[in-house]
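Peer 1:
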Amino acid sequence: VETLLRKDMVGLLEFVTREDYYDNFLTRMLANVPAHVEVTEEHFKEARMILENKFLIGMTNDVAETVQKRLKLYFGWEELPSQQGCEMYYIKNGVMALPPVTIEEGGHYWRAIQKINLFDMKLYARAMSVFGQQKMRMPVHPLAVQKEREVVNEAFARLRNVDEPLDESDVPFFWHIPKASGTTVKEILSRCYGLVRTEMVKPPQSLDVYSKYILNVDLTTKESIEAAKNLGFIENGLADVVISQLSLEGATVFSSYHMGRAFTIMRHPVKLAISLFYYRQIATWEPTYRPEYKDISLQDYIELNGYYDNWMVRILTNAKTGGLNDGHLDLTKSIIKNKFLVGISDHMPDTFRVLEKRFGWKEMKEGCVKEKLNRPSNSNKYPEVARGSKVWNVIAEKNKYDMGLYYYALELFGDVVQKMSDTAKMGMEVAT
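When you line the sequence shown up against our numbering, it's residues 1473 to 1904, in that order.
(1) Suppose you measure from the CA of GLU1636 to the CA of VAL1826; what does that come to, to the nearest Å?
(2) For ILE1649, name the three-state secondary structure that DSSP assigns.
(3) Classify MET1836 as helix, strand or coil using the three-state DSSP reduction.
(4) For MET1451, count the other beta carbons within 10 Å of its own beta carbon; 16 or more makes it buried, fewer makes it exposed. Which is it?
(5) With GLY1654 as the anchor, note down where its alpha helix (DSSP H) starts and where it stops.
(6) Report the residue from ILE1787, LYS1701, ALA1711 whose alpha carbon sits nearest the alpha carbon of VAL1643.
(7) I'd like the list of long-range same chain contacts for PHE1726, defined as Cβ closer than 6 Å, with 5 residues on each side in sequence excluded.
(8) Can you list, in chain order, the residues of its chain whose CB lies under 8 Å from that of LEU1485, leaving out five sequence neighbours each side?
(9) In whole angstroms, what is the alpha-carbon distance linking VAL1473 and VAL1482?
(10) Can you find the residues in the same chain that come closer than 7 Å, C-beta to C-beta, to ALA1536, ignoring five residues on each side of it along the sequence?
(11) Quick one: grab the DSSP three-state call for ALA1909.
(12) Helix or strand or just coil, what does DSSP make of ARG1542?
(13) On the three-pair Cβ rule with 8 Å, is the stretch 1665-1677 touching the stretch 1753-1773?
(14) Which of helix, strand or coil does DSSP assign to ARG1669?
(15) Considering only the beta carbon of each residue, do TYR1682 and VAL1689 sit closer than 8 Å?
(16) May I ask you to verify whether the stretch 1779-1790 touches the stretch 1595-1603, counting CB pairs closer than 8 Å and requiring at least 3?
(17) State the start and end residues of the unbroken alpha helix (DSSP H) segment that holds LEU1498.
(18) For GLY1876, which of MET1820, VAL1814, GLY1839, ASP1802 has the nearest alpha-carbon?
(19) Taking C-beta to C-beta, are ASN1810 and LEU1796 nearer than 8 Å?
(20) Could you give the residue range of the beta strand (DSSP E) that holds MET1738?
(21) For TYR1729, count neighbouring Cβ atoms within 10 angstroms of its own Cβ and tell me buried if that reaches 16, exposed if not.
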């Protein structure tokens, strides 16, 4: 076998060193360089400019991402109803059909071919970078946007409007935003109010209750949510509070008979991004654990290709990939105003006063909430970043739509707190 491979490599090397070998194919095609003309740095620059500005890029080493999260969104393509599964069939078979690379990367033959195709190698490296950048920036076809909106409308139709009166069949739904005091909130719900909440403790998910207050239901992925719905935990009234980081998919567990009553806790997007960066370096128990982040700076992290910006807006609008615009922000403002009671992580005492008032929750032991807030759960220490510094501004700009949503939520929260305060003052005046 080694002898055959060696002969193949020798033959390949002879092939690429022939006078009629068409080197730097990609660069020549893009820059329109004839076969008899030597490719130059200027040709490469022209090819790079065309590639960056005129092409949506896919990668053979990530065909599923290319087809399902790039081409479909960009062109608005969908499988025909009669051809369900066709897309994945060809993705799998196409990947398997790719011939194996028998050359050792960085070895003698690799370096020889690389040298002959130097400009294509540079162009490929640039294409990989653009591939990462386009994930969160590419425009999305109107048909794809329409489909996203249909999913949003259908999911949130299962949630009561904020201004609707409470019904005894309503079930509180906590949209848990990562690193926005969510773990502390969950502790307070169970330990201070005695509420049974959803969280998978021991797989597989089930209707078992652990530690008296935790229903063993998994609402962390789209697939697990579908499985959880089949358990019938909502219909059977087994959960006092439903919790999920997926606002859309999580909302689908409710129905017209058991509507969701949604609330969330928001945190300043810049503070959230900073906390998440340092948390992912140490959180070995999380699927998002990234020890390699210890070797890069915060700014490098924010500027990584494919950095997942504007998490809140993307989750609420179902725009998981692709570019965002003011329309996405306007939609999230409408959703937050009409469907979510919003708390603010920097104002947790007021947040819980609002929640207690809305849901009628009462402490089992006086002072429990205050005690939990003074000792927050799952908090991580990290270097502070000065407000207005270069890295702070970079993060804010990257997450400008989340910033807009956060400040709008801050206004809504302020209005709710003010109304509570005014009502309390009126009650005191009447009493006197």
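Ideal Cβ placement from N, Cα and C applies to all residues, glycine included.
Peer 2: Straight from the coordinates:
(1) Locating residue 1636 in the sequence shown gives position 164, where the first residue counts as 1. Locating residue 1826 in the sequence shown gives position 354, where the first residue counts as 1. Rounded to whole angstroms, GLU1636 to VAL1826 spans 16 Å at the Cα level.
(2) One-based indexing of the sequence shown puts residue 1649 at position 177. DSSP places ILE1649 in coil when its eight states are reduced to three.
(3) The count along the sequence shown starts at 1 and reaches residue 1836 at position 364. MET1836 falls in the coil class under three-state DSSP.
(4) The requested residue 1451 does not occur in the structure, where the chain is confined to residues 1473 to 1904.
(5) If you number the sequence shown from 1, residue 1654 lands on position 182. Element bounds for GLY1654: 1654-1659.
(6) Start at 1 with the first residue of the sequence shown, and residue 1643 comes out as number 171. Nearest option by C-alpha distance: ALA1711.
(7) The residue labelled residue 1726 in the question sits at position 254 within the sequence shown. Result list for PHE1726: ARG1630, GLY1732, in chain order.
(8) Mapped onto the sequence shown, residue 1485 falls at position 13. Excluding sequence neighbours, LEU1485 sits near TYR1581, ALA1584, ILE1585.
(9) Taking the sequence shown and counting its residues from 1, the one referred to as residue 1473 is at position 1. Taking the sequence shown and counting its residues from 1, the one referred to as residue 1482 is at position 10. In this prediction, VAL1473 has a pLDDT of 40, which is less than 50 and means its spatial position is unreliable; nothing more can be read from the coordinates.
(10) Locating residue 1536 in the sequence shown gives position 64, counting from the first residue. For ALA1536, where only same-chain residues beyond five positions count, the Cβ hits under 7 Å are ILE1563.
(11) An answer regarding residue 1909 cannot be provided, because it is not within the stretch 1473 to 1904 covered by the chain.
(12) Locating residue 1542 in the sequence shown gives position 70, where the first residue counts as 1. ARG1542 falls in the helix class under three-state DSSP.
(13) no
(14) Taking the sequence shown and counting its residues from 1, one reaches residue 1669 at position 197. If DSSP states are grouped into helix, strand and coil, ARG1669 belongs with the strands.
(15) Within the sequence shown, numbered from 1, the residue matching residue 1682 stands at position 210. Within the sequence shown, numbered from 1, the residue matching residue 1689 stands at position 217. No; because the gap between Cβ atoms is not below 8 Å, this pair is not in contact.
(16) no
(17) On the sequence shown, residue 1498 is found 26 positions in, with the first residue counted as 1. Taken as a continuous stretch (DSSP letters only), the alpha helix (DSSP H) holding LEU1498 covers 1497-1503.
(18) If you number the sequence shown from 1, residue 1876 lands on position 404. Nearest of MET1820, VAL1814, GLY1839, ASP1802 to GLY1876, Cα basis: ASP1802.
(19) Here residue 1810 is taken as the residue at index 338 of the sequence shown, counted from 1. Here residue 1796 is taken as the residue at index 324 of the sequence shown, counted from 1. No, they are not a contact pair.
(20) Here residue 1738 is taken as the residue at index 266 of the sequence shown, counted from 1. Residues 1732-1738.
(21) The residue labelled residue 1729 in the question sits at position 257 within the sequence shown. Burial call: exposed.
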